[in-house]
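Working notes for the structure below.
Protein chains: 4
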Amino acid sequence: MTGQTTPDSKDAILDAAQDLIAQHGYAGFSIRDLARGSGLAKGTIYHHFQDKRDIYRSVMVRDLSQLSARVQEAIADADADDPVVWLRAFVAAFLQQAEERRSHIRALVRELSAMEDGMLQIARQVREQVGGQVAAVIEEGIALGRFRAVPPQVAVMSLIGAMNTYVAWQLVVEDSPVDAQAADALIDFFLYGLMKEENSDG
Amino acid sequence: MTGQTTPDSKDAILDAAQDLIAQHGYAGFSIRDLARGSGLAKGTIYHHFQDKRDIYRSVMVRDLSQLSARVQEAIADADADDPVVWLRAFVAAFLQQAEERRSHIRALVRELSAMEDGMLQIARQVREQVGGQVAAVIEEGIALGRFRAVPPQVAVMSLIGAMNTYVAWQLVVEDSPVDAQAADALIDFFLYGLMKEENSDG
Amino acid sequence: MTGQTTPDSKDAILDAAQDLIAQHGYAGFSIRDLARGSGLAKGTIYHHFQDKRDIYRSVMVRDLSQLSARVQEAIADADADDPVVWLRAFVAAFLQQAEERRSHIRALVRELSAMEDGMLQIARQVREQVGGQVAAVIEEGIALGRFRAVPPQVAVMSLIGAMNTYVAWQLVVEDSPVDAQAADALIDFFLYGLMKEENSDG
Amino acid sequence: MTGQTTPDSKDAILDAAQDLIAQHGYAGFSIRDLARGSGLAKGTIYHHFQDKRDIYRSVMVRDLSQLSARVQEAIADADADDPVVWLRAFVAAFLQQAEERRSHIRALVRELSAMEDGMLQIARQVREQVGGQVAAVIEEGIALGRFRAVPPQVAVMSLIGAMNTYVAWQLVVEDSPVDAQAADALIDFFLYGLMKEENSDG
DNA sequence: AATGAATGAGTCTTCATTCAT
DNA sequence: CATGAATGAAGACTCATTCAT
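Encoded structure:
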């Protein structure tokens with residue numbers, strides 16, 4: 004008990020930073036704001052993080068991890084036996100996450116493309132994790148004879164691309180909530196193109 | 004009626020600003036950089052523009068106009084009689100534009116969501132312009148009995164979403180050029196889901 | 004006349020910096036102090052100099068140049084025919100310079116050893132310039148048969164070393180003015196060891 | 004009775020501080036650096052020393068004491084009967100000390116003039132101690148009829164001035180080791196000027 | 001139209017020091 | 001004795017903007 008951990012302050016800083024980045028972007032928030040927001044002194048922030056960049060990176064890592072975790076959790080709950088059910092669960096989780104994080108997704112969209120190096124590597128990891136799972140399910144569906152024999156990555160990109168662009172547009176440009184019906188229509192359209200003879204489903 | 008009176012300085016500033024924004028983002032470039040880049044003095048810049056914001060806005064407007072114009076040009080050349088041909092021409096123009104402007108698209112993705120007010124309105128205009136045309140073609144295809152009777156916006160979002168996400172990922176995250184074959188596969192997948200019985204096309 | 008030069012501000016900054024460095028050393032003065040001292044705004048200082056280091060370097064260069072110039076001026080006035088007269092004139096100029104610059108020599112003594120690179124090169128230049136002239140005179144004296152045939156550098160180091168250490172000690176440690184009699188005794192001692200048979204001189 | 008009670012931490016701090024001061028000067032090292040260097044925590048340092056100043060003072064006192072002790076030790080070993088032998092032993096010890104402490108002498112040269120109050124008093128003490136001994140030997144040599152009847156302080160300043168300036172220049176500006184031959188030439192020149200008729204010695 | 005010196009608020013960051021454990 | 005989290009004043013430096021020329 005010499006006084007090592009104390010994750011309280013570090014988390015408080017990350018929480019405050021997450022909000023600030025969401026609202027103003029990396030360049031748009033100052034350490035002073037962060038100090039105020041976290042209830043700590045400026046110096047304390049530099050006690051826990053090396054840099055403004057370090058803070059930023061930490062927030063993004065946490066954010067992406069949460070996104071990834073959330074999606075996978077929701078997926079795990081779904082009955083994985085039916086690929087169609089699975090894909091719908093995935094989309095639902097994705098949308099829910101987006102809806103809840105509303106402001107944070109703004110930051111992710113905005114900031115992801117602004118950072119290089121480490122940040123993009125993390126993005127690639129998430130993509131591989133999430134995209135890989137979706138691809139696996141699609142391959143399974145193909146094997147089961149329910150889906151057409153398309154290259155899985157093409158299907159993945161089509162699905163995620165549509166969802167992602169829809170969400171980004173809705174939340175960032177239109178600044179309005181995600182519409183479940185619109186999302187449903189999108190996945191229906193996707194599944195129709197993916198499936199063999201049957202109709203989109205149930 | 005495209006060129007006004009060739010105000011050299013103003014264009015020089017916009018050109019330099021376009022590059023700077025593409026590389027560093029709005030907050031990441033300074034007027035001093037811009038002065039250096041345009042070969043003019045700082046004061047001169049404030050003769051032509053009111054604000055840093057004003058410069059930014061002008062660059063974005065020009066950028067979006069070019070994007071829009073480019074796409075429409077390419078479309079106009081295509082034989083508009085066949086919706087499928089039309090859609091393929093559209094996608095080709097979209098990709099070419101993305102490929103050529105490589106760095107600028109980075110800025111558009113990044114900056115669009117960073118600005119409010121005027122900027123987003125412009126984005127909405129572009130979306131309506133471009134998306135509207137695509138929707139019209141799809142409606143036409145439906146009327147001709149070649150496409151399934153899906154809500155046009157759903158198809159538009161599916162197409163543009165897939166293309167957009169693919170391009171953004173490729174250029175921003177992977178930092179590699181757009182792969183024509185991958186793009187072809189995406190549009191094939193889309194068209195399969197859209198068309199009635201026929202195969203994707205010739 | 005577009006507004007290029009304006010050496011006024013630059014000089015004002017250097018003057019203020021010279022005083023501040025003399026009094027508090029490089030690390031001991033702040034840009035704010037310098038702004039106050041020069042009657043300009045902080046930003047203006049960075050308009051004329053790149054760095055705090057840059058300011059420092061400029062002050063030192065100016066300082067050393069003045070020292071070098073002063074010594075050579077005084078020497079030029081002396082009757083260069085008699086090496087002994089010449090050496091005495093040199094010492095007088097050196098002491099006068101030290102006396103006048105009192106506080107600045109503190110800085111030179113203190114800071115010279117703190118800087119590397121560029122600074123030391125300048126110091127070497129001054130040494131070669133000044134030391135070289137003294138060495139030449141001593142060689143001349145040897146050629147004339149008035150001085151012993153000692154290696155000129157040894158004599159130069161003995162003379163300058165004694166003067167320099169005396170001055171530094173007096174001004175820095177004792178914080179009292181240079182004593183002309185003490186200095187005379189030093190040069191007499193030096194000349195006695197240097198000259199052939201004759202006594203120290205008239 | 005030289006070592007007290009071996010307070011490990013205190014010595015570790017002083018050792019680390021000595022190195023840091025030698026390398027970066029007083030203003031150039033931080034308590035954090037010192038903590039790292041000594042392997043202790045920041046708080047611990049403040050258990051052993053009141054201030055950063057206090058640390059600095061302690062290092063300097065220890066440094067100067069060592070310098071003084073070293074010189075006197077070496078002198079004590081020499082046969083004090085012959086003033087010339089004595090003076091050569093003194094110079095040898097002085098140079099050896101300088102050579103061994105290389106980096107620390109940088110700090111002494113740099114820092115001595117930066118501090119007032121206590122520090123300069125210590126410097127004066129060292130000067131009186133060391134300089135006093137040299138003066139005594141010279142007086143003895145005069146009394147013995149071997150040296151000219153010059154004011155002892157003049158001789159002391161000439162000797163120490165030459166040695167000191169040579170060493171400082173060599174170590175600080177040229178950053179190269181002391182050359183024994185050059186030093187020999189300097190003391191020969193000095194002794195020639197000091198002695199009566201005889202040649203320099205040997 | 002064009003210039004660039006001048007401004008000062010604001011930014012990130014460092015640092016000696018304190019204190020509860 | 002020892003620790004390291006916390007502090008906030010202070011430092012170097014940047015930047016959009018103005019204005020006399």
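Residue numbers (the numbering used here), protein chains in the order written: chain E, 4 to 205; chain X, 4 to 205; chain G, 4 to 205; chain V, 4 to 205.
For every residue, glycine included, the Cβ atom is placed at its ideal position computed from N, Cα and C.
Buried versus exposed call for residue i [16 or more other C-beta atoms within 10 Å across all chains shown]
i                      : result
residue 42 of chain V  : exposed
residue 13 of chain V  : buried
residue 100 of chain X : buried
residue 28 of chain V  : buried
residue 152 of chain X : exposed
residue 44 of chain X  : exposed
residue 54 of chain V  : exposed
residue 22 of chain X  : buried
residue 51 of chain G  : buried
residue 196 of chain X : buried
residue 39 of chain V  : exposed
residue 92 of chain X  : buried
residue 104 of chain E : buried
residue 208 of chain X : Outside the shown range of chain X, which is 4 to 205, sits residue 208 of chain X, and nothing can be said about it.
Cutoff 6 Å; reference residue i; Cβ partners in own chain excluding five residues on either side
i                      : result
residue 129 of chain E : 67 and 71
residue 132 of chain G : 71
residue 205 of chain X : With a pLDDT of only 39 at residue 205 of chain X, under the threshold of 50, the placement of this residue in the model should not be trusted; the figure read from the coordinates follows. So the list is empty, once near-sequence residues are dropped.
residue 6 of chain G   : Because the pLDDT of residue 6 of chain G is 39, which lies under 50, any placement of that residue in the model is unreliable, and the number read from its coordinates should be weighed accordingly. Answer for residue 6 of chain G: no residue qualifies.
residue 138 of chain E : 155 and 159
Listed by chain order, chain V residues near residue i by CB distance under 9 Å
i                      : result
residue 196 of chain G : 161, 192, 193, 194, 195, 196 and 197
Neighbourhood of residue i by C-beta distance below 7 Å, restricted to the same chain and skipping five residues each side
i                      : result
residue 4 of chain V   : The predicted model places residue 4 of chain V with a pLDDT of 40, which falls under 50 and marks its position as unreliable; any figure quoted below should be read in that light. Cβ neighbours of residue 4 of chain V beyond the five flanking positions: none.
residue 62 of chain G  : 17, 20, 21 and 24
residue 65 of chain X  : 17
residue 140 of chain E : 86, 89 and 90
Under 7 Å from the C-beta of residue i: neighbouring residues of chain X
i                      : result
residue 169 of chain E : 160 and 164
Contacts of residue i in chain X (Cβ-Cβ under 9 Å)
i                      : result
residue 86 of chain E  : Here the premise fails: no neighbours, minimum Cβ distance about 16 Å.
residue 123 of chain E : 175, 176, 177 and 178
Proximal residues of chain E, C-beta to C-beta of residue i below 9 Å
i                      : result
residue 127 of chain X : 176 and 177
Beta-carbon neighbours of residue i, restricted to chain E and to distances below 7 Å
i                      : result
residue 153 of chain X : 192
Interface residues of chain G facing residue i [CB-CB closer than 7 Å]
i                      : result
residue 157 of chain V : 188, 189 and 192
Within chain E, partners of residue i - CB distance below 8 Å
i                     : result
residue 90 of chain X : Going along chain E, no residue has its Cβ under 8 Å from residue 90 of chain X, so there is no contact; the nearest lies around 14 Å.
Cβ shell of residue i (< 8 Å), same chain only, five flanking positions each side left out
i                      : result
residue 215 of chain G : Residue 215 of chain G lies beyond the stretch modelled for chain G, which goes from 4 to 205, so this question has no answer here.
residue 78 of chain X  : 89, 92, 93, 96 and 136
residue 58 of chain E  : 16, 17, 20, 37, 48 and 52
residue 11 of chain E  : none
residue 182 of chain G : 173
residue 76 of chain X  : 96
residue 219 of chain E : For chain E, the structure presents residues 4 to 205; residue 219 of chain E sits outside this window and is missing.
The segment 153-164 of chain X / the segment 167-175 of chain E touching (three or more Cβ pairs under 8 Å): yes
Inter-stretch contact at 8 Å, needing at least 3 Cβ pairs: the segment 135-152 of chain V / the segment 76-96 of chain V: Yes: at least three Cβ pairs fall under 8 Å.
The segment 149-158 of chain V / the segment 185-199 of chain G touching (three or more Cβ pairs under 8 Å): Touching, per the Cβ criterion.
Inside the segment 152-194 of chain X only - alpha helix (DSSP H) runs reaching at least 4 residues: Here the runs fully enclosed are 155-171.
Segments of 4+ residues assigned as alpha helix (DSSP H) that fall wholly inside the segment 14-95 of chain G: Fully enclosed alpha helix (DSSP H) runs of 4 or longer: 34-41, 45-51 and 55-80.
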